[in-house]
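Numbering (this note's numbering), first residue to last: 155 to 605. Think of the CB as a built atom: it goes at the ideal place given N, C-alpha and C, for glycine as much as any other residue. In this text, all values refer to a predicted model and were calculated from it rather than measured experimentally. To keep things clear, I will list the structure first and then write my remarks on it.
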Ligand SMILES: Cc1cc2nc3c(=O)[nH]c(=O)nc-3n(C[C@H](O)[C@H](O)[C@H](O)COP(=O)(O)OP(=O)(O)OC[C@H]3O[C@@H](n4cnc5c(N)ncnc54)[C@H](O)[C@@H]3O)c2cc1C
């Protein structure tokens with residue numbers, strides 16, 4: 155008898171994980187708490203319910219990283235992509251989905267599979283034997299959240315994200331910005347130059363504060379609480395508390411000398427910190443925000459040096475349960491302290507429907523391979539799925555770890571190509587071409603059952 159795989163949470167990730175494992179011939183039980191136990195965002199008892207927008211974002215697999223993720227999941231016979239394609243709505247280059255029939259079709263496909271069973275009810279403790287995947291998402295129930303926290307330590311499980319915007323390094327104007335840590339702190343040159351600094355004079359600072367105060371902001375969803383106020387205020391809330399507050403907080407100009415204009419003392423300085431080991435992404439330090447995306451792009455481009463910035467992701471603050479994957483998970487998504495438990499989906503620190511489903515796909519295949527006595531290595535970081543798993547299990551800085559969308563900044567650069575905006579089209583084409591070849595090669599390691 156083949157061992158059963160248990161999956162907690164039948165959302166986007168859990169549903170895909172179940173499908174992939176069953177396709178490999180492994181029996182699966184999905185444990186889903188809805189409709190018995192509700193969340194503030196889900197409306198139905200269906201599996202794979204899309205809780206907010208109905209978009210899977212760009213479907214362009216040549217020029218867009220999430221489009222590439224679609225392509226990889228389709229090639230891997232992904233259930234979520236198959237049903238999204240079946241219930242596609244017209245949306246230009248984006249993949250918009252008719253959400254209710256989509257969730258119904260995913261649910262039916264899973265329930266119709268002879269190797270998949272559904273147990274309704276909340277799981278409140280970490281299982282101590284068997285093989286499990288926890289895919290309970292951003293709204294993991296509080297009892298299970300507490301159990302995870304007891305295992306991982308309080309500082310390794312977050313209940314809110316506080317995402318500062320992330321900028322592609324090659325879009326920052328280095329004729330304006332310079333590398334320097336405050337007071338040149340650090341033993342090595344790399345540490346003394348760990349931050350990228352963007353200077354503002356008084357007029358630029360005042361205009362920036364005006365723009366922050368005037369910008370459109372998003373509200374919390376009903377049912378989300380504002381517990382974020384304890385640790386990390388949004389910058390616009392700091393600005394509301396006083397026009398000088400930011401100059402004494404994340405934008406303080408002390409301990410820094412403008413390398414381009416050493417005689418000019420900046421009135422304020424915006425600092426960016428490296429966000430990944432590759433050095434392709436920088437986050438704007440302390441700039442978590444509830445500004446709407448459109449407002450963020452225009453306000454942040456007022457920062458000298460960021461006028462032409464490309465954003466790998468914009469900022470946000472949401473109710474979001476996620477673990478510190480870089481310290482807690484191994485490269486096969488297993489909890490280091492309890493390797494019979496894997497994590498998948500948004501709870502691992504990826505962000506979005508598609509990314510969550512992709513992590514479910516991977517966890518399902520890896521868990522099933524383990525049950526079948528086969529070793530499945532993670533896909534290479536040159537693929538979209540591989541870039542994400544590499545980021546969350548090691549590439550990201552564990553100290554500042556926040557949820558991440560898939561983006562080309564996570565991919566190892568292709569050598570010999572032009573940087574900046576001009577070279578972007580060729581560069582993205584090179585990334586996606588390389589990814590498609592490498593994904594096909596990785597898939598060939600994973601033998602699917604004939605079922
Ligand atoms: C309010 C809100 C809005 C969002 N809007 C968007 C958006 O517009 N676009 C986007 O791409 N992403 C959005 N997200 C993120 C979105 O949730 C994820 O992208 C995606 O749903 C995550 O998939 P998942 O499978 O990891 O989690 P989910 O899809 O949430 O699935 C987790 C499942 O686990 C179940 N569960 C939780 N705890 C337990 C337990 N103890 N026992 C049993 N079952 C349990 C839940 O009921 C749920 O069905 C939003 C998230 C929230 C909270």
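| Check | Outcome |
| --- | --- |
| Between the CA atoms of residue 555 and residue 289 - distance to the nearest angstrom | 19 Å |
| Start-end ranges of the beta strand (DSSP E) lying completely within the stretch 214-243, minimum 3 residues | none |
| 7 Å Cβ shell around residue 353 - same chain, five flanking residues per side excluded | 412, 420, 423 and 458 |
| Residue 292 beta carbon near ligand 1 (any heavy atom closer than 7 Å) | yes |
| Among 178, 536 and 164, the one whose alpha carbon lies nearest that of residue 526 | 178 |
| Cβ neighbour criterion (16 or more within 10 Å) applied to residue 191 | exposed |
| Per-residue DSSP class, three states only, for residue 457 | coil |
| beta-carbon residue 277 near ligand 1 non-hydrogen atom, thresh 7 Å | yes |
| Check whether residue 222 and residue 477 have beta carbons under 8 Å apart | no |
| Chain-order list of residues whose beta-carbon lies under 7 Å from that of residue 324 (same chain, five-residue window excluded) | 573 and 574 |
| Secondary structure of residue 500, DSSP reduced to three states | helix |
| Segment contact, 8 Å Cβ cut-off, at least three pairs: the stretch 187-207 with the stretch 531-544 | no |
| 8 Å Cβ shell around residue 401 - same chain, five flanking residues per side excluded | 359, 407, 421 and 422 |
| Same chain, Cβ closer than 8 Å to residue 278, neighbours up to 5 away in sequence not counted | 295, 297, 298 and 301 |
| Cβ-heavy atom distance, residue 205 to ligand 1, below 7 Å | yes |
| Of the listed residues 344, 563 and 518, nearest to residue 163 (C-alpha basis) | 518 |
| Counterpart residues of residue 325 in DSSP-defined beta bridges | None, per the DSSP bridge assignment. |
| Span separating the alpha-carbon of residue 604 from that of residue 464 | Only weak support exists for where residue 604 lies, its pLDDT of 42 falling under 50; the value from the coordinates is given anyway. Whole-angstrom Cα-Cα distance: 45 Å. |
| As assigned by DSSP and simplified to three states, the class of residue 210 | strand |
| Check: residue 187 C-beta below 7 Å from any heavy atom of ligand 3 | By its list of ligands, the structure shown excludes ligand 3, since it contains just ligand 1. |
| heavy atom of ligand 1 below 7 Å from residue 482 C-beta | no |
| Reduced DSSP secondary structure (H/G/I, E/B, other) of residue 180 | coil |
| Any non-hydrogen atom of ligand 1 within 7 Å of residue 311 CB | no |
| Stretch-stretch touch, CB-based, cutoff 8 Å, three pairs: the stretch 489-502 with the stretch 439-455 | no |
| Coarse secondary structure for residue 343, derived from DSSP in three states | helix |
| Cα-Cα separation between residue 140 and residue 542, rounded to whole angstroms | Residue coverage of the chain in this structure runs from 155 to 605, which leaves residue 140 outside it and unanswerable. |
| Which listed residue (227, 256 and 231) has its alpha carbon closest to that of residue 242 | 256 |
| Burial state of residue 545 (16 or more Cβ within 10 Å) | buried |
| Opening and closing residue of the beta strand (DSSP E) in which residue 467 lies | 465-467 |
| Alpha-carbon spacing of residue 268 relative to residue 577, whole angstroms | 50 Å |
| DSSP state of residue 101 mapped onto helix, strand, coil | Here the chain has residues from 155 to 605 only, and residue 101 is not among them. |
| Exposure of residue 169, with buried meaning 16 or more beta-carbon neighbours within 10 Å | buried |
| Rounded separation between residue 318 and residue 418 - CA only | 28 Å |
| Heavy atom of ligand 1 within 7 Å of residue 365 beta-carbon | no |
| CB of residue 448 within 8 Å of CB of residue 403, strictly | no |
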